[in-house]
Every structure is written in C-alpha cells, then in structure tokens.
Amino acid sequence: MKLVLASRNPHKIAEIKEVLASCGIQKVELLSLDDIGYSGEIAETGTTFEENAIIKASLPASMGYFGLADDSGLEVDALGGAPGVYSARYAGEPCDDAANNRKLIAALEGLPEEARGCRFVSVIAFLPPAGEGEGFTVRGVCPGRILFQGRGYDGFGYDPLFYLPELKKTYAELSREEKNAVSHRGQAMRLFAAELKKRFSV
Ligand code: IMP
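Residues 195 to 396 in the working numbering are what the sequence shown lists, from first letter to last.
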C-alpha cells in the first residue's frame with residue numbers, strides 16, 4: 195500500500211517510518227507530498243487537531259492515494275491550552291522553532307514548577323481514496339512540564355522545553371527511538387498501525 199503523508203517535515207516523516215517498521219508493518223510505502231509532486235501548501239483552517247488532520251489527509255485522498263496526516267501541538271495548562279492547534283505559528287508566520295520557544299519561556303515567566311503542566315497531542319487521520327472504505331482518526335497524548343530554559347539538542351519544535359518528569363529528560367535529550375516509545379506521535383502511530391492491520395493485510 196502506498197500511503198501519502200501530508201507533510202514535508204523530515205523529522206515527522208522519519209519518526210513515522212520508524213514507528214511503522216517497529217509495529218511490523220512491512221507492506222506500506224510511506225511517501226511525502228514531494229514524492230507525489232504536490233508543491234502547494236495546505237491551509238490548516240480547523241480549530242481542533244482532528245479537523246486539521248482530516249483537512250490535510252484529504253489532499254492525497256482526493257488525488258487517489260491513501261492519505262495520512264498528523265496534526266499535533268502543545269497544550270499548556272497555564273495558557274488555557276494554548277498554543278494548541280497554533281503551535282507551529284505561535285510566534286507568527288513562518289514557523290520559527292526558536293522564536294516559538296522564546297515566546298513560551300516568556301509567557302510562563304515566574305510560574306513555579308507545579309504550575310507548568312502541559313501535554314503534547316497528536317491526532318492522526320487516515321483517509322482512503324473514494325470507494326476504498328472508511329477513514330478514521332486516532333489520538334495520542336503525552337503529559338509533561340515546560341522547563342524554564344531549553345535542554346538537549348535533538349528533535350524539533352518545543353522538544354528542548356518539554357520535560358518528562360518520569361524520565362528526568364526533555365524530548366530533545368531522547369534518542370528518536372526513546373522518543374517514539376513515549377511520545378504523543380508514537381502513541382498515536384501505534385494506535386493507527388493497529389487499526390490499519392485490522393482493516394488491511396499490511
Ligand atoms: P503541525 O505540523 O501543524 O502538526 O504543527 C505541529 C507543531 O507543534 C510543530 O511545528 C511544533 O511546533 C509542535 N510539535 C508537534 N509535535 C512536536 C514534537 O514532537 N516535538 C516538538 N514540537 C512538536
């Protein structure tokens with residue numbers, strides 16, 4: 195099965211490939227929008243992760259492919275769940291990870307550790323092309339805490355600020371394998387893999 199991930203984020207593509215392989219899914223070839231020659235942008239106009247994931251997955255589906263999309267973001271309790279679906283553009287367009295992290299540090303300035311709770315959310319939408327069955331969404335959640343300043347160099351986005359108290363490390367201090375084992379996207383991908391196996395021989 196050719197599965198087209200509606201993303202150009204190389205980190206996400208690599209993470210998802212690894213999780214699919216670790217779930218024993220061998221008959222899926224994961225392609226990106228570039229691989230199918232689509233160079234446009236997809237406007238993420240939804241107000242929930244589910245809406246945005248479906249909007250993104252419907253692009254490859256409308257071109258005759260099995261579409262897959264992840265919409266993810268960080269919900270910070272002290273900010274009423276922000277930046278949420280606006281995580282990529284928290285500090286404005288275009289997406290700038292360093293500026294987003296600076297803005298988040300400033301927004302939480304002075305808050306003690308116990309008031310810095312947050313969670314990463316990943317919703318994955320799978321949409322077949324017309325006539326090939328029903329689509330579905332799955333959701334993975336990983337709770338954590340926002341640090342006062344970043345730690346670690348791996349990963350992307352808010353990884354250096356996202357602290358996992360149980361592991362005593364940030365996402366940016368984990369190898370990709372370790373991150374996949376606990377992360378919001380890893381959890382959502384495992385749920386997705388289980389659903390896919392139920393419906394197709396992959
Ligand atoms: P999306 O591409 O619309 O899903 O935007 C997700 C945004 O949320 C990214 O640009 C990051 O800012 C943030 N994000 C989502 N997943 C992660 C992660 O695993 N680590 C760090 N930041 C993430």
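From the three backbone atoms N, C-alpha and C, an ideal C-beta is built for every residue, glycine too.
What is the DSSP secondary structure of residue i, reduced to helix, strand or coil?
i           : result
residue 319 : strand
residue 227 : coil
residue 297 : helix
residue 362 : coil
residue 197 : strand
residue 290 : coil
residue 386 : helix
residue 313 : strand
residue 357 : strand
Using CA coordinates, which residue listed in the options is at the minimum distance from residue i?
i           : options            : result
residue 351 : 396, 198, 241, 281 : 281
residue 298 : 393, 271, 315      : 271
residue 387 : 310, 336, 357, 320 : 320
residue 241 : 228, 262, 317      : 317
residue 364 : 263, 265, 195, 339 : 339
residue 384 : 255, 219, 304      : 219
residue 263 : 307, 322, 391, 288 : 322
residue 243 : 212, 225, 275      : 275
residue 315 : 238, 216, 267, 389 : 267
residue 377 : 389, 395, 357      : 357
Which residue marks the beginning of the alpha helix (DSSP H) containing residue i, and which one marks its end?
i           : result
residue 244 : 243-256
residue 376 : 370-376
residue 221 : No alpha helix (DSSP H) contains residue 221, which DSSP labels as neither H nor E.
residue 212 : 204-216
Please decide whether residue i counts as near chain C, where near means a Cβ-Cβ distance under 9 Å.
i           : result
residue 367 : Looking for chain C here will not work: only one protein chain is present.
For residue i, is the beta carbon positioned less than 8 Å from some heavy atom of the ligand IMP?
i           : result
residue 356 : yes
residue 387 : no
residue 348 : no
residue 351 : yes
residue 368 : no
residue 312 : no
Within 10 angstroms of its Cβ, does residue i collect 16 or more other Cβ (buried), or is it exposed?
i           : result
residue 347 : exposed
residue 332 : buried
residue 335 : exposed
residue 380 : buried
residue 369 : exposed
residue 228 : exposed
residue 392 : exposed
residue 325 : exposed
Hey, quick one: how far does the beta strand (DSSP E) through residue i stretch, first residue to last?
i           : result
residue 349 : No beta strand (DSSP E) holds residue 349; DSSP gives it neither H nor E.
residue 333 : 330-340
residue 260 : 260-270
Going by the C-beta, is residue i closer than 8 Å to any heavy atom of the ligand MN?
i           : result
residue 201 : In the structure on display, the ligand MN does not appear, and the ligands it does have are the ligand IMP.
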